[in-house]
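A.B. asks: Protein chains in written order, with my numbering: chain A, 179 to 516; chain B, 179 to 516. For every residue, glycine included, the Cβ atom is placed at its ideal position computed from N, Cα and C. Once you've had a glance at the structure underneath, I'll fire off some questions.
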DNA sequence: ATGATGCCGGAATGCGCTTTCCAGGGTAGA
DNA sequence: TCTACCCTGGAAAGCGCATTCCGGCATCAT
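Below, the structure is given as structure tokens:
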């Protein structure tokens, strides 16, 4: 059906080896005149190589896998965009798996990528320690077979990648909020077993404690918009918000999407940010820029993180190197105190 | 390096053919006892098939390509999510290309997917007619080689896919806005040559005209957040907003992201929506749900569109069928009139 | 009891390409 | 002028798997 390399070779009157060398970058460069003939024939016939066959023959597929929890989440889609850009021009193609936050799906995705002999796998997003065992095992198998693993946001096994300084960045944010004069804090901490969530919570609260401030509560819930919405609804129902307290409450959500959910609940209740409750998130996802009030957060260079990670998978030397990315607190209207 | 089928076969004491039949779904089912032995051996050795080799032998790769303009755009990432879900469980893997809105990159992406012998290509997003020639040509080549093409949001060549009734939906929105009593309209229409943008503009304005209302202006600009922001800034500078007019102005942006940009500019200028200017978008991207004021738009079931398209690529019969999706006007606070 | 009919496992071929390995011719050095 | 070497193109051997064909065996009907 499709035109094969052999067809091109025949048309050009050369051997298949020569055609291969001309068309698909080999160390040996055939005679220019011959090369030109081959190229002309390929052009005329509309030849394009079969990547599967190439992968088989070369034992390398020119593929890189990206595993995210949810591609529709701006956090991950920003990273995906960076990854795509980081790969652009390298001839390496991106395979995407979105796992809907199921640990099993994640392991399955790694298996699939192994099947496709992807040269590298990038894993974005945090996961619980419990899930790690199975994941770690399959990733080790992958590495044993020569695959590179790059983690984004979470260290794991003996892989390399980009580590996000959740701890320190959350602490920095806490510091800034203290400077603004906030003293009453509540934390929406996401799922208990999520490492990322735990680190952000720990960094934030320990900084508070170091300043002699005890957070009034740490609530756990889903690490998502709806999680934030739910927790906030509960909080309001409990009467903790807008009530007569010793100064306004300041809520730290360990992710921006949670903060957005919380904000929605606040609005629905007819309360205002920051007058009735101050609000801070984490990540600085792009959609935050267009909120009103603008929301305080910790900026993570998401796209850059994706780009860096992709670049690391391209260069062999960096296989098990870690790059640490710091978040920058960005103070906006949602935590203003007048 | 890796464990091959032959290794498993040897370990199980059977031929490679038998091992293949057991492990990789063939029409012939070997004896249960033998099958069990093979499976045990595969398990023990940690065998997983080489998808490249399978693809080569089967002449079908189990891959589907998705081409979007920008994966970080919620419009496309929602579609991507749906596509991923639609493919889940079918054994078909998704390859992603994000073209940054460059026509050339789009053609290149199709070429790459052709190389990987993807069974189908999904193309999301609108493009100008000028770009179509090259794209159409390469897609036809693809189809000639047995590839399925599914377009999302824009008909093209003799492919199938999901068509969005931009025209009718925009008209429906115009009707609703008229019902609310709006009479002074401005349209931010995106790039002039974008078919989608043009259709939405046309549908909207023709409905207005049919009701005897002439839009005050149609401004063209980038089909993006920044495009909306820029146009709005210009509009404000020109004094058209908040000035003494015959009733408040109503702005229709042909996409939500443009509306978000416009909203940002309105806020920066210290003006209010809907009091100083009413605002409507198109698409109902997820991030719209958390805006304040909530924004009127035309709801498109984005994820469902992605899912449907993916499903179409899985079933052979649907290769050149078109499904038309209607948008539903959703009236929210941003166009309220008191 | 015997021929026909499945059924099941194995050998062999091919998917399209890369990459040794070879042979031949040209070049340079002696 | 002759030998040693390098360069170039071609033949052939895989890469790992699916699948067609084939032979052997058991089952069934006659």
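Is it right to say residue 228(B) is buried, meaning 16 or more other beta carbons lie within 10 angstroms of its own, or is it exposed?
C.D. replies: So residue 228(B) ends up on the buried side.
A.B. asks: Quick check: the Cα distance between residue 224(B) and residue 255(A), rounded to an integer number of angstroms?
C.D. replies: About 33 angstroms.
A.B. asks: Suppose you measure from the CA of residue 210(A) to the CA of residue 324(A); what does that come to, to the nearest Å?
C.D. replies: Rounded to whole angstroms, residue 210(A) to residue 324(A) spans 36 angstroms at the Cα level.
A.B. asks: With DSSP run on the structure shown, which of helix, strand or coil describes residue 276(A)?
C.D. replies: Residue 276(A) falls in the strand class under three-state DSSP.
A.B. asks: Return yes when the C-beta of residue 507(A) is under 7 angstroms from any heavy atom of the ligand GDP, and no when it is not.
C.D. replies: Judged by which ligands are present, the structure shown has none, so any question about the ligand GDP falls away.
A.B. asks: Tell me which residues share the same chain as residue 443(A) and place their Cβ nearer than 7 angstroms to its Cβ, disregarding the 5 neighbours each side in the sequence.
C.D. replies: These residues qualify, in order along the chain: 407, 410, 411, 414.
A.B. asks: Find the nearest neighbour of residue 318(A) within the set 331(A), 289(A), 377(A), judged by alpha-carbon distance.
C.D. replies: Nearest C-alpha to residue 318(A): 289(A).
A.B. asks: Against residue 273(B), what residues of chain A qualify as contacts under a CB-to-CB distance less than 9 angstroms, listed in chain order?
C.D. replies: The contacting residues are 241, 271, 272, 273, 274.
A.B. asks: In whole angstroms, what separates the C-alpha of residue 450(B) from that of residue 429(B)?
C.D. replies: Taking the straight line joining both Cα atoms gives about 13 angstroms.
A.B. asks: With C-beta atoms as the reference, is residue 485(A) less than 8 angstroms away from residue 462(A)?
C.D. replies: No, the pair does not count as a contact, with Cβ atoms beyond the cut-off.
A.B. asks: According to DSSP, simplified to helix, strand and coil, what is residue 363(A)?
C.D. replies: It is a strand residue.
A.B. asks: Using a threshold of 8 angstroms, state whether the C-beta atoms of residue 439(B) and residue 403(B) are closer than that.
C.D. replies: Their beta carbons are under 8 angstroms apart, which means residue 439(B) touches residue 403(B) by this criterion.
A.B. asks: Looking only at C-alpha atoms, which of 184(B), 236(B), 340(B), 197(B) sits nearest to residue 487(B)?
C.D. replies: Nearest C-alpha to residue 487(B): 340(B).
A.B. asks: Which residue's Cα is closest to the Cα of residue 345(B): 327(B), 334(B), 383(B)?
C.D. replies: Considering only alpha carbons, the answer is 383(B).
A.B. asks: Identify the residues that DSSP records as bridge partners of residue 476(B): which are they?
C.D. replies: For residue 476(B), which the question treats as bridged, DSSP gives the partners 507(B).
A.B. asks: Does DSSP put residue 403(B) in a helix, in a strand, or in coil?
C.D. replies: Looking at residue 403(B) - three-state DSSP - the assignment turns out to be helix.
A.B. asks: Run through DSSP, which three-state label would residue 200(B) get?
C.D. replies: It is helical.
A.B. asks: What are the uninterrupted segments assigned as alpha helix (DSSP H) that are 4 or more residues long and contained completely in the segment 434–469 of chain B, given in chain order?
C.D. replies: As far as the segment 434–469 of chain B is concerned, its whole alpha helix (DSSP H) runs of at least 4 residues are 434–446.
A.B. asks: State whether the segment 206–222 of chain B contacts the segment 266–282 of chain A, with contact taken as three or more CB pairs (one from each stretch) at a distance under 8 angstroms.
C.D. replies: As far as the Cβ criterion goes, the segment 206–222 of chain B does not touch the segment 266–282 of chain A, which means the pair count is below three.
A.B. asks: In chain order, what residues of the same chain have a beta carbon less than 8 angstroms from the beta carbon of residue 194(B), not counting five sequence neighbours either side?
C.D. replies: Closer than 8 angstroms at the Cβ level, and outside the excluded window around residue 194(B), lie 183, 184, 187.
A.B. asks: Output needed for residue 506(A): all residues of its chain with C-beta closer than 7 angstroms, excluding positions within five of it in sequence on either side, in chain order.
C.D. replies: The residues are 476, 477.
A.B. asks: Is residue 485(B) close to chain A, meaning its C-beta is less than 8 angstroms from at least one C-beta of that chain?
C.D. replies: Taking Cβ atoms only, chain A never reaches closer than 8 angstroms to residue 485(B), which makes this a no.
A.B. asks: Taking the alpha helix (DSSP H) that residue 188(B) falls in, what are its first and last residues?
C.D. replies: Per DSSP, residue 188(B) belongs to the alpha helix (DSSP H) from 183–190.
A.B. asks: When we look at the beta-carbon of residue 435(B) and count the other beta-carbons within 10 Å, is it buried (16 or more) or exposed?
C.D. replies: Classification of residue 435(B): buried, given that the 10 Å Cβ count is 16 or more.
A.B. asks: Roughly how many angstroms separate the alpha carbons of residue 252(A) and residue 198(A), rounded to a whole number?
C.D. replies: Taking the straight line from one Cα to the other gives about 42 angstroms.
A.B. asks: Anyone know if the C-beta pair for residue 302(A) and residue 330(A) falls short of 8 angstroms?
C.D. replies: Cβ distance < 8 angstroms, so residue 302(A) and residue 330(A) count as in contact.
A.B. asks: If you draw a straight line from the alpha carbon of residue 432(A) to that of residue 437(B), how long is it in whole angstroms?
C.D. replies: Roughly 29 angstroms between the two C-alpha positions.
A.B. asks: Run through DSSP, which three-state label would residue 391(B) get?
C.D. replies: Coil at residue 391(B), not helix or strand.
A.B. asks: Take the Cβ of residue 378(B) as the centre, count every other Cβ of all protein chains shown within 10 Å, and call the residue buried at 16 or more, exposed below.
C.D. replies: Flag for residue 378(B) reads buried.
A.B. asks: In the DSSP assignment, find the unbroken beta strand (DSSP E) run with residue 242(B) in it and report its ends.
C.D. replies: From DSSP, the beta strand (DSSP E) with residue 242(B) extends over 241–246.
A.B. asks: For the alpha helix (DSSP H) that residue 429(B) lies in, which residues bound it at each end?
C.D. replies: Run containing residue 429(B): none in the alpha helix (DSSP H); it sits in the beta strand (DSSP E), 427–431.
A.B. asks: Out of 426(A), 401(A), 348(A), 298(A), which has the shortest C-alpha to C-alpha gap to residue 265(A)?
C.D. replies: The residue with the shortest Cα to Cα distance from residue 265(A) is 298(A).
A.B. asks: Given residue 389(B), which residues of its chain have a CB within under 6 angstroms of its CB, disregarding the five upstream and five downstream residues?
C.D. replies: So the qualifying residues of the chain are 356.
A.B. asks: In angstroms, rounded to a whole number, what distance separates the CA positions of residue 500(B) and residue 514(A)?
C.D. replies: The straight-line gap from Cα to Cα measures roughly 52 angstroms.
A.B. asks: Could you check the C-alpha separation between residue 360(B) and residue 394(B) for me, to the nearest Å?
C.D. replies: About 12 angstroms.
A.B. asks: With a floor of 4 residues, list each alpha helix (DSSP H) that falls wholly inside the segment 206–274 of chain A, ordered by position along the chain.
C.D. replies: With a minimum length of 4 residues, the continuous alpha helix (DSSP H) runs that stay inside the segment 206–274 of chain A are 210–223, 229–236, 252–265.
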